[in-house]
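Asks: Following this message is one structure expressed as structure tokens.
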Amino acid sequence: MRIRELRLLRYGKFTDRLLALPHAPQDIHLVVGANEAGKSTMRRALSDWLFGFPMRSTGMDFLHPMQDLRLGGIIEDNPASREEPSSGQDTATGSTKTKASSDEQIRSLNFERRKGQKNTLRTPADEPLPDSTLHEWLGSLQTDEFRRMYALDHATLVEGSESILQASDDIGRMLFQAAAGIEHLGDALKTLQQEADSLWAPRKSGNRVFYQQQDAYEDARRTLGQAQLRTRDWKESHDALMDVQHQLEEARSKHAEIQQHIHRLERIRRVQPLLRDAEAVRQRQEALQASGMPPLLPEDARQIFEQASRQGALVQAEMTRLQTALNELDQALAAITLDTPVLARADEITRLDEARVQCHDHPARLQRHQEKLQTLQARVKALAAELGWPAEDEAAVAHRLLPPAWRERTAELIRRHQALQHAVEKARHERDAQAQNLSQWQAHLQSLASDGIDPALSDLLEQARRLGDPDAQSDALTRERQRLDAALEATLAGMGPWRQPIDRLQAMLVPEASQVDALRVQQHDDARALQARQEALQKKFQDIQQQEQALLQLVRHHQPVSREDVAQVRQQRDDDWQAIKADPANLPDRAGAFEARMHEADTLADARLERAQHEADRQSYANQLEKLKLECTGIESDIQAIETRMARRQADWKAQAAACGLPDLPLDAALTWLKRHQDALELLARRQTAEHQLKTLLQRVEALRQALTDRLALPATTGLDDALRQARERLETAQRIAGQRSTLEAQIQDAQRRLVPLQTALTQAESQWQEWQQAWQAALAEAGHEDTLPVDQLETRLAQMQDIQTLLAQMDSLRADEIEPLQNALDSWMRHARTLADQLMPDAPADMSVQDMALTLAGRLKAARQDEAEHHRLQQQQARNRQALEAARQQQIQVDALLQPLRVAAGIDDMALLGPAITHSEERRQIEHEIQRIETALREAGDGQPLESLRTEAASIEPDQLQVELNRLGTEAGQVVEDISRLGARHGQLKAAFDALTGSDAAARAAARQQEAAAGMAEAAERYLRLKTAARLLQWSMERFRQTRQGPMLARASEIFQALTLGSFSRLLVDADSHDSPRLVSIRTDGNKPVEVPGLSEGTRDQLYLALRLAALDQQASQGSRMPLIADDLFINFDDRRTEAGLQVLGEVSRRMQVILLTHHDHLVPLARQVLGDGLNVIEL
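Numbering (this note's numbering), first residue to last: 7 to 1187.
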């Protein structure tokens, strides 16, 4: 895509400005303008025009209102993008040579863009365009990408190129990977290095595997040393846990057996109804077989039968209707008789009628033409009489006319007569007026004085003009000095208690404002952090109180039960039971106490079993309480550190303030004092400047006054204003006289120069007048007129003869073009009409007019054609009806053929029996479908059991007994589930208590973890060595590969960089020898050490950046993206020779894409014309 023209309609400083960018083989355009001329505005306008105005203010609404901003222009296909590959490829650059297609038309789009929310894309006629109109031109390109890639100024070029060098965008990654030809190996090398870094590195990190295993090893070693064994408790807890686990497994096994039995009974309950349905269907099938099994017809037999019956009835009705219509058409055809003779000569009758219409007004027209001919003859006779000719016929009058050559020659003389006479009078008048002016100017020049202008006086007046109004300047400087004094005093007063004399302020060494501000920000940050930590400490204190209260309540509500307590209650329970056994008669009296003892023993035993959970909860609360206290300690340490920092920082500031002579200056007030200190020094400097300017002004005024009085010889006391007034008067007088003399001398020279051609013109005019008079006398003599005949009379006679000749020609034309053709046409029509009437109307009356004959024949032809048309229409309708009748018969055959397969399948010949046969077939199909459904349901409900097995299983139990057995098993299963739940809770309690013990296996587990950690450390070290070796080998191979091969982008950037630096550098390389990430280096032509980008000069670095950007644009262009390149003052750091090289490079780029170069340097124009040719399009803003 390229831009043909850009219209800045209402944008920034521009109004209706057109910038034309015509295409050329080198499509480069140079836009030149001074600062503030609008170059940056044009660059931004291109972006807003193509992609739309931003939502907020654009900064371009300072002249036109924002809602009126508007841009326009024309974009078109870039011919370079419509080229076809040629026969070869340039192996040096990797670019493909192309040739343009000449038979394909270049597209273009003329549109405008306005500021708005929607419908911003408009035609030049202000009609809306769809927002998708530019998609086929811009593709997926967005505003930011366009400004970053194609709309470049120096800052954008540097920023974008640094992104490329840091590989932070797609172009950079392409440079450092695809440009080196090893894009996949780069990813592999990065993966190896990352994996090796995740295993080990010199710096310890918790994310690296080796150090993780090392930490695990140390932790296991500490655990192993701290392990303590409690064998007896561990054994008791383990035995109790195993006993409950055995009971739990038995309960689960019993529950599985009950569930299996329930599943069998549920299957029987599901299949019993299906087996009953299967038996009923089987009986229906046997009854149908007993009456003779009907054949199975197709499933759509009923639909086919009914459809065929309906179609047959419709076909029979249609055949009856068509046969009746054919009979009626035969009768209508027999009633029509055609007029064959008239139809045979229809063309002649038609032409005769057309001629009748044409000749209808011929007699009247002939009469009018005859009258016109007589009028012309009368006018000819009148003109001949005016000329004094006798009354004669037309031929005699024509013979008297003079020859046309003489008339033309004489008419030309008459036309020239007045012009020649006027030319002689005008030339004589101009010659006399110029001679009179020359005499007057010569006399005026002699009367003027010859004094000249005094140059020294002019210089003094020019000095006074440049000086301006000294009184106003003096007053302004005095007021400025007073104002600065007042401002200085106010500034010093604003310093408050720390005010210092101005001379001391000048000598004072104060700290930097940025340093003071940094101290103040740090102090405020620490104050906020101190407040936050104090609030956090208060919150932790509240959390500790709540945690202590919760722990106290837990201990109070859940008192621990010892084994001795349980044993004591159980002993009392057993004693009561032994007393009851010894004396059964006391059972009623002792039963209540015994039950109470039993309940108390069970309650204490249950509480003893729940001890593990309560102990775990207590330990959790205690741990959380300890954690909160540790956090409080950490917060208190933070508070102490912050307070120490703040105190130390405050002390440092007090020392600095005291050193500056500002004791007790608060840190928060320091910035304000430093600002007033800086303002005071600036105001003092400005006051001194104003005072110096006032003194200099007074000295210049006095020097000028002294020079004027000396030059004009005025008294020494003359003021400057009087001296200037007299000097101006004297200078104006001298200038006025000099101007008058100069004007008169120029007028005299011009008059003398003009007088010669005026005299020559007069001589020529008089000569031409004499030649005309001689020719006039010869013409009069040739025609036989007296030589004194006036010109106007001869002109009148010539006009009369011309009129006679014109009238004679009109008479001849009227006879040949009008009268004779009309008479011939009328005679031919009458003969044709009588001939046809004799042949077709032999019985016509003898006195019938020709007009009536033609009308009668036309009427007969019209009636005959109507009869013929009706006869043809009836024949066509008859043919259509016969075709329809035949089609109806074919449809009847098709209907019979549709039912024939059904009759054959049913084995019947009578069509009336087909309906009952279809009914029996449908009944058989329904029974078979029901059997299939029941069998499928039995397979699903019977869990895949065989049918016979299901029947046997279902017959083993009656339905009423089945439900009773299911209820019993459900109750039993519920009891087992309760046992499992109880045993599971018991198992969980014992397991928690067992896990809480640190028995003898803790040491074994710690030793095992220690061995695993050691093995992990060894494996990580071995894996790290293998990965690091592979990465080093791969990196060495990549470097070798880089030295022998470069990618297309890097190669292209090397070529451009070599051209821009005039061969100082030969190529660019991607180097990664001693860095974690690749870096770009430049290789000098002399083969010295490679130069990195920071080591280049500022100008050479800009040339590198330009080379990288142009190479990237070449890559984009090779992929079909050819947008215009807008370059704004990219050569600001180039010298003249490298600027010339840069223009050559851009010229080559412009052969593939449009380049618009913006600059404020006028000296670039001749240089660009020299490099790019005189055809360069230069636009001046």
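We put the CB at the ideal spot given by N, CA and C, even for glycine. None of the values given here were measured: they were computed from a predicted structure.
Under 8 Å Cβ to Cβ from Gly1179, same chain only, skipping five residues before and after it: list those, please.
Replies: Taken in chain order, the residues that qualify are Gln32.
Asks: Within the same chain, show all residues whose beta-carbon is closer than 8 Å to that of Thr97, passing over the 5 residues directly before and after it, in chain order.
Replies: At Thr97 the pLDDT is 33, less than 50, meaning the model places this residue with poor confidence; the figure from the coordinates comes in the next sentence. So the list is empty, once near-sequence residues are dropped.
Asks: Roughly how many angstroms lie between the CA atoms of Arg406 and Leu393, to the nearest whole one?
Replies: 11 Å
Asks: Measuring only the C-alpha atoms, how far is Pro796 from Gln753?
Replies: 45 Å
Asks: Considering just the uninterrupted stretch of the beta strand (DSSP E) at Arg76, what are its terminal residues?
Replies: 76-82
Asks: Output the boundary residues of the beta strand (DSSP E) element that contains Tyr156.
Replies: Run containing Tyr156: none; DSSP gives neither H nor E here.
Asks: Tell me Leu14's beta-bridge partners as DSSP assigns them.
Replies: Arg23
Asks: Output the distance between the C-alpha atoms of Glu118 and Leu52, rounded to the nearest integer angstrom.
Replies: Taking the straight line from one Cα to the other gives about 12 Å.
Asks: DSSP state of Ser1156, grouped into three classes?
Replies: coil
Asks: Where are the alpha helix (DSSP H) runs, 4 residues long or more, that stay fully inside the stretch 370-454, in chain order?
Replies: 400-406, 410-453
Asks: Suppose you measure from the CA of Ser1060 to the CA of Glu649; what does that come to, to the nearest Å?
Replies: 60 Å
Asks: Counting only beta-carbon atoms, is Gln337 nearer than 7 Å to chain C?
Replies: The structure shown contains no chain C; it is built from a single protein chain.
Asks: Using the Cβ count rule (16 or more neighbours within 10 Å means buried), how would you classify Ser167?
Replies: buried
Asks: What are the boundary residues of the alpha helix (DSSP H) that includes Ile34?
Replies: Where Ile34 is concerned, there is no enclosing alpha helix (DSSP H), although the beta strand (DSSP E) it sits in stretches over 34-38.
Asks: Going by beta carbon distance, what residues of the same chain come within less than 8 Å of Leu419, once the five residues before and after it are set aside?
Replies: Trp778, Ala781, Trp782, Ala785
Asks: Quick one: residues in its chain with C-beta nearer than 6 Å to the C-beta of Leu426, no 5 flanking neighbours on either side, listed in chain order?
Replies: Gln774, Trp775, Trp778
Asks: Okay, do the stretch 833-843 and the stretch 352-361 touch, 3+ Cβ pairs below 8 Å being the bar?
Replies: yes
Asks: Just the Cα atoms here: how many angstroms apart are Met604 and Ala597?
Replies: 10 Å
Asks: Going by DSSP, what residue range makes up the alpha helix (DSSP H) through Val910?
Replies: 856-912
Asks: For Arg327, which of Ile940, Glu964, Leu891, Lys997 has the nearest alpha-carbon?
Replies: Nearest of Ile940, Glu964, Leu891, Lys997 to Arg327, Cα basis: Leu891.
Asks: With a cut-off of 8 Å on the beta carbons, I'd call Val1177 and Gln1150 a contact; round off their distance for me.
Replies: 6 Å
Asks: Taking 8 Å as the cut-off, does the stretch 1132-1139 touch the stretch 1150-1170 (at least 3 CB pairs, one atom from each stretch)?
Replies: In the pairwise beta carbon analysis, the stretch 1150-1170 is classified as touching the stretch 1132-1139: at least three pairs are separated by under 8 Å.
Asks: Determine the extent of the beta strand (DSSP E) in which Glu118 is found, giving its start and end residues.
Replies: 114-120
Asks: Among Ala542, Arg930, Arg120, which one has its Cα closest to the Cα of Gly640?
Replies: Ala542
Asks: Grab me the residues of Asn887's own chain with a C-beta within less than 8 Å of its C-beta, minus the 5 sequence neighbours each way, in chain order.
Replies: Leu328, Ala331, Leu332, Leu335
Asks: Would you report the Cα separation of Leu1033 and Trp206, rounded to the nearest angstrom?
Replies: 11 Å
Asks: Going by other Cβ atoms of all chains shown within 10 Å of its Cβ, with 16 needed for buried, is Met859 buried or exposed?
Replies: Met859 counts as buried, since at least 16 other C-beta atoms from the protein chains shown sit within 10 angstroms of its C-beta.
Asks: To which residues of the same chain is Ala538 closer than 7 Å at the C-beta, ignoring the five residues directly before and after it?
Replies: none
Asks: Can you give me the start and stop residues for the alpha helix (DSSP H) that Glu941 sits inside?
Replies: 920-947
Asks: For Val516, which three-state DSSP category applies?
Replies: coil
Asks: Distance, Cα to Cα, Gln808 vs Arg821?
Replies: 21 Å
Asks: By DSSP's criteria, Phe1071 is part of a beta bridge. Which residues make up the other side?
Replies: For Phe1071, which the question treats as bridged, DSSP gives the partners Arg1090.
Asks: Does DSSP put Arg8 in a helix, in a strand, or in coil?
Replies: strand
Asks: Compute the Euclidean distance between the alpha carbons of Ala352 and Ile825, then round it to the nearest angstrom.
Replies: Cα to Cα, Ala352 sits roughly 31 Å from Ile825.
Asks: Exposed or buried, Gln376, counting other C-beta atoms within 10 Å across all chains shown (16 or more means buried)?
Replies: exposed
Asks: Is Ala1133 helix, strand or coil by DSSP?
Replies: strand
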